[in-house]
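Shown next, in structure tokens, is the structure this report addresses.
Number of protein chains: 2
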Amino acid sequence: MSVTIKDIAKKANVSITTVSRVLNHKTEGIGQATRKKVLDIIEELDYRPNTIARSMITKQTNTIGLIIPDIRNPFFPELVRGVEDIANQSKYSVFLCNTDGDVDRESESLRLMKEKNVDGIVFTYAYASPSKQLEELAGNSKVPFVLLDRGLDDQKFSGVYIDNEKAGHMATKHLLELSHTKIGCITGPRDIPNSKDRLKGYLKAFAESGIPAGENLIIEGDYQMEGGYLAAKTLLGKENVTAIFAFNDLMAFGVYQAAADLGIRIPEDLSVVGFDNLKYNQLLKPKLTTIEQSAYKMGEIATEMLLKQLKEGSNVENKTIYLEPSMIVRESTKKLEK
Amino acid sequence: MSVTIKDIAKKANVSITTVSRVLNHKTEGIGQATRKKVLDIIEELDYRPNTIARSMITKQTNTIGLIIPDIRNPFFPELVRGVEDIANQSKYSVFLCNTDGDVDRESESLRLMKEKNVDGIVFTYAYASPSKQLEELAGNSKVPFVLLDRGLDDQKFSGVYIDNEKAGHMATKHLLELSHTKIGCITGPRDIPNSKDRLKGYLKAFAESGIPAGENLIIEGDYQMEGGYLAAKTLLGKENVTAIFAFNDLMAFGVYQAAADLGIRIPEDLSVVGFDNLKYNQLLKPKLTTIEQSAYKMGEIATEMLLKQLKEGSNVENKTIYLEPSMIVRESTKKLEK
DNA sequence: TTGTAAGCGTTATCAT
DNA sequence: ATGATAACGCTTACAA
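Chains as they are written, first to last, in the working numbering: chain G, 1 to 338; chain P, 1 to 338.
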């Protein structure tokens, strides 16, 4: 049996209340001598308060939940570290759940988080409209949460995103300025808001340029390498595009592979723009032109927002933050020669 | 206030003991009718038992801790999913901690795990000898744990590793058979057992071949891209090696970059062997010859071992499992032409 | 400054 | 088959 507050109290000849007070750094109502005595015994016995017993009373667990689609997608480790680093600074630990983008596993995760009594949740929400679970979270059960990355078109929830429409616009405009007109577009899964917004940007850039955007040039991807590969095969086979804008770097990797299979050279025959600026795309040849967004920073900001809510109570108003994307032009895009 | 066992009891006109019994699926000592009545009310009120209160008594949290160096190293996401997937199957959730390979953060993580009352720990232990903390874990505090990947040369702890010496031997022998004699070796951090074992294999292959292994050809790396890059610069600059064996793929990526900077062609001028078979090294040109080891599987096995210990109590004997490595020959290695 | 005692939501023990 | 009650280890009124 491990040592409890009672053991300390007994050995110090004080009440457990007194021990509790020094434990919680109560300033008033405790004598210097007593405090020291208790502290010494705590040290001597290497006593650690039982956080579970504590949680029962305080209703706090000093734990936050983090729900993401899949840690194996290299975008998310960065995000996770951003969340964890900030959380740890404030003595919070993090519970991780992967949902694989599956609705059932997502609500299962949410259930689990509530069961574990997390104090708040950072949530890569991947659907366009709030689920029943999410509404309930915001309504009855009152667990604070912050959405991030994938988004929800609803200002009533706290969230951290980048300005995806702007990013989509930048990437497409870049390609248009390089004289490309047949620009393939490989989107993310249909329902994910960030993909929708990037598509809006893509279409807007076309509209501005006066060039018609071909319906056939837009293909739904899966944010995975495989989906990028398949979509690129279609695009390069039937549509003869001269450029492809993939909505994440992973799919751009797939585009590279498809191009290699088909003997198509990048950037001579095909320009490619990605999205995310993953660290390991330095390995690609030629180096990938892409949109920069910092998953780590998004994780940090979202967690800071969440912790603020936890500390200041629910009187903190929800807000949505949009980070500025930036474009990194490297070697995979090139002016189209007539 | 959320609904408690008392509310259910009151509404059902039974005692909380009875409710508790149906909650815990006690078969005996409960009538069919009562059970149904209680169950209905539980459903009606959407009651969820408070796991914290439960934990106070059962001393179980249904949570396991997972300590790794850094989730951003692409080896670990796979491992994490292996652990999580198995844990979830048995209704366990996982607490994640990154230590960045830092000793202080590691013992901090361990402390946290105990504070959170995890039932067991899966631990990428990165040092050659057991720390005081670890001894204590095995001794007094009796939290079951399973080590994995990086290892500890001590059969008295449970662990899951691959046969690193054999793997190091395979890789080096492959290079020797391709007529290379000046084979650079970029190891992991000095203290990590898996690196030591790989080095043993490297030296053994040389010893068997009768070719002397040059001391200068062995450079300590950091298991990161940067370290691989730096080490390769040294190796390629001063030592004129014709082949490099990097102790993980990440460092092999660095070798590729160094070679590119120096105008050295792979595999014509330099053969390269990596270690891990990371998914995204498909992106490399030429494709990397490497040692296959499944982080996912290691995570699965370690977690299965841990759960077995948790279920069957401490009468399960500790054991160390060594998985078989295999070699994947791709395009980055080539016979040395005289 | 310090202590007594109630209570958090369960499970476990022992009655009935 | 069911219930009363102690206990888990702590925090927090309230009292002294």
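Ideal placement from N, C-alpha and C gives every residue a C-beta, glycine not left out.
What residues in its chain sit with their C-beta under 6 Å from that of Leu278(G), if we drop five residues either side in the sequence?
As a working mapping, residue 278(G) is identified with position 278 in the first sequence. The residues are Pro74, Asp249.
What in chain P is Cβ-close to Ile30(G), meaning under 9 Å?
Translated into the one-based positions of the first sequence, residue 30(G) becomes position 30. Per Cβ cutoff of 9 Å: no residues; Ile30(G) is ~24 Å from chain P at best.
Where does Arg265(G) land, buried or exposed, given buried means 16+ other C-beta within 10 angstroms?
By one-based count along the first sequence, residue 265(G) stands at place 265. Counting Cβ neighbours within 10 Å, Arg265(G) comes out exposed, since fewer than 16 surround it.
Min CB distance Tyr92(G) to chain P below 8 Å:
On the first sequence, residue 92(G) is found 92 positions in, with the first residue counted as 1. No, its Cβ sits nowhere closer than 8 Å to a Cβ of chain P.
So for Asn240(P), helix, strand or coil by DSSP?
Taking the second sequence and counting its residues from 1, one reaches residue 240(P) at position 240. Note: Asn240(P) maps to coil in three-state DSSP.
Report back the beta-carbon spacing between Ser107(P) and Ser131(P) to the nearest angstrom; my notes put them in contact at under 8 Å.
Taking the second sequence and counting its residues from 1, one reaches residue 107(P) at position 107. Taking the second sequence and counting its residues from 1, one reaches residue 131(P) at position 131. Rounded, the Cβ-Cβ distance is 7 Å, consistent with contact.
Fully enclosed by the segment 237-287 of chain P, which alpha helix (DSSP H) runs are 4 residues long or longer?
249-262
Does the distance from the CB of Val160(G) to the CB of Ile291(G) come in under 8 Å?
For this step, residue 160(G) is matched to residue 160 along the first sequence. For this step, residue 291(G) is matched to residue 291 along the first sequence. Going by C-beta atoms, Val160(G) is not nearer than 8 Å to Ile291(G).
In angstroms, rounded to a whole number, what distance separates the CA positions of Ala231(P) and Phe275(P)?
Within the second sequence, numbered from 1, the residue matching residue 231(P) stands at position 231. Within the second sequence, numbered from 1, the residue matching residue 275(P) stands at position 275. Roughly 16 Å between the two C-alpha positions.
Output, in sequence order along the chain, the residues in the segment 59-74 of chain G whose CB is closer than 7 Å to any CB in chain P.
Ile71, Arg72, Pro74
Contact under 8 Å by Cβ, Leu283(G) with Leu235(P):
For the purposes of this step, residue 283(G) is taken as residue 283 along the first sequence, with counting starting at 1. For the purposes of this step, residue 235(P) is taken as residue 235 along the second sequence, with counting starting at 1. No, the Cβ-Cβ distance between Leu283(G) and Leu235(P) is not below 8 Å.
Taking C-alpha atoms, which residue in Asn216(G), Lys166(G), Pro69(G), Ser195(G) lies nearest to Thr124(G)?
Reading the first sequence from its first residue, position 124 is the one you call residue 124(G). Thr124(G) has its Cα closest to that of Pro69(G), out of Asn216(G), Lys166(G), Pro69(G), Ser195(G).
Can you tell me which of the three DSSP states Phe95(G) falls into?
Along the first sequence, read from residue 1 onward, the residue named residue 95(G) stands at position 95. Phe95(G): strand per DSSP, three-state reduction.
Length at least 3, wholly inside the segment 175-200 of chain P: the beta strand (DSSP E) runs in chain order
183-187
Under 8 Å, Cβ to Cβ, is there at least one residue of chain P near Ile121(G)?
Numbered from 1 along the first sequence, position 121 holds the residue referred to as residue 121(G). No - not a single Cβ of chain P is within 8 Å of the one on Ile121(G).
When DSSP builds the beta bridges, which residues end up paired with Gly65(P)?
Taking the second sequence and counting its residues from 1, the one referred to as residue 65(P) is at position 65. Answer by DSSP bridge pairing, in chain order: Phe95(P), Ile121(P).
Taking contact to mean at least 3 C-beta pairs separated by less than 8 Å, is the segment 292-304 of chain G in contact with the segment 146-162 of chain G?
yes
Specify the secondary structure class of Ile328(P) as computed by DSSP and reduced to three states.
Numbered from its first residue, the second sequence carries residue 328(P) at position 328. Three-state result, Ile328(P): strand.
Should the segment 86-96 of chain P be regarded as contacting the segment 87-103 of chain G, the criterion being three or more beta carbon pairs within less than 8 Å?
yes
Taking the alpha carbon of Ile64(G) as the point to measure from, which residue in Glu84(G), Ile57(G), Thr181(G) has its own alpha carbon closest?
Here residue 64(G) corresponds to residue number 64 of the first sequence, with the count starting at 1. Out of Glu84(G), Ile57(G), Thr181(G), Glu84(G) has the C-alpha closest to the C-alpha of Ile64(G).
Is there contact here, the segment 175-185 of chain P with the segment 142-162 of chain P, by at least three beta-carbon pairs under 8 Å?
no
Own chain residues within Cβ distance below 6 Å of Leu323(P), not counting five before or after:
For the purposes of this step, residue 323(P) is taken as residue 323 along the second sequence, with counting starting at 1. The answer, listed in chain order, is Ile162.
Once the 5 residues before and after Arg35(G) are set aside, which same chain residues still bring their CB inside 7 Å of it?
Position 35 of the first sequence, counted from the first residue, corresponds to residue 35(G). Val22, listed in sequence order.
Among residues of its own chain, excluding the 5 on either side of Lys6(P), which ones have a beta-carbon nearer than 8 Å to its beta-carbon?
Working through the second sequence from its first residue, we reach residue 6(P) at position 6. Contacts found: Ile16.
Val146(G) lies in the beta strand (DSSP E); which residues open and close that run?
For the purposes of this step, residue 146(G) is taken as residue 146 along the first sequence, with counting starting at 1. Unbroken beta strand (DSSP E) run through Val146(G): 145-148.
With 16 as the cutoff for other CB atoms within 10 Å, does Thr58(P) come out buried or exposed?
Residue 58(P) sits at position 58 when you count from the first residue of the second sequence. With fewer than 16 other Cβ atoms within 10 Å, it is exposed.
Where does Ile219(P) sit, in a helix, a strand or coil, going by DSSP?
Start at 1 with the first residue of the second sequence, and residue 219(P) comes out as number 219. If DSSP states are grouped into helix, strand and coil, Ile219(P) belongs with the strands.
Could you check whether Leu336(P) and His169(P) sit closer than 8 Å to each other, using their CB atoms as the reference points?
Mapped onto the second sequence, residue 169(P) falls at position 169. Mapped onto the second sequence, residue 336(P) falls at position 336. In this structure, Leu336(P) does not lie closer than 8 Å to His169(P) by Cβ.
In terms of DSSP beta bridges, what is Val22(G) paired with?
For the purposes of this step, residue 22(G) is taken as the residue at position 22 of the first sequence. Beta-bridge pairing links Val22(G) to no other residue.
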